[in-house]
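If you read the sequence shown in the numbering used here, its first letter stands for residue 69, the second for the next number, and so on.
Right, one structure below, let's go through it.
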Amino acid sequence: MNLQQLNTEAKAGHVDELNLIAIEGGDFIIEARVKGRAHPLADKRGRRVQVHSVVDAQRLLNGLPALPLHLVHWSMDDEMCGGADAGDGDLKIPMPRRSAW
69 MNLQQLNTEA KAGHVDELNL IAIEGGDFII EARVKGRAHP LADKRGRRVQ VHSVVDAQRL
129 LNGLPALPLH LVHWSMDDEM CGGADAGDGD LKIPMPRRSA W
């Protein structure tokens with residue numbers, strides 16, 4: 069889903085939420101949740117959009133209809149060898165759509 073498609077889907081009320089997902093290296097990817105399914109935000113070439121900060125994400129999403137935005141950091145517990153199953157330990161924090169800066 070590209071930014072234009074995201075805008076169209078959001079205006080139609082189909083987007084449940086946006087997630088800003090922390091990935092290795094300190095960058096983030098953005099996904100839209102539509103009817104429970106994840107749709108990563110892609111550029112015009114079809115590659116996933118990566119942003120370098122929460123502020124960059126907020127600027128990119130500026131102008132879209134108001135949608136819940138969450139910062140998501142996946143738990144590493146399930147990747148630890150020999151570690152006990154800790155359940156769903158992912159961190160998901162509501163974020164403001166606009167930066168305070």
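A virtual CB, placed ideally from N, CA and C, is assigned to each residue, including glycine.
As assigned by DSSP and simplified to three states, the class of residue i
i: LEU71; result: helix
i: ALA80; result: coil
Boundaries (first-last residue) of the beta strand (DSSP E) holding residue i
i: ARG105; result: 105–108
Run of the alpha helix (DSSP H) containing residue i, from where it starts to where it stops
i: VAL102; result: Where VAL102 is concerned, there is no enclosing alpha helix (DSSP H), although the beta strand (DSSP E) it sits in stretches over 96–102.
i: GLY129; result: First, the amino acid is wrong: residue 129 is Leu here, not Gly. Per DSSP, LEU129 belongs to the alpha helix (DSSP H) from 122–129.
Per DSSP, the bridge partner or partners of residue i
i: HIS138; result: ASN87 and PRO162
i: ARG115; result: Paired residues: none, contrary to the question.
CB of residue i within 9 Å of CB of residue j, strictly
i: VAL122; j: MET163; result: yes
i: LEU135; j: LEU71; result: no
i: ILE89; j: GLU99; result: yes
i: LEU109; j: ARG116; result: yes
i: HIS120; j: LYS103; result: no
Within-9 Å CB hit, residue i to chain C
i: ASP158; result: Absent from the structure is chain C; it holds one protein chain and no more.
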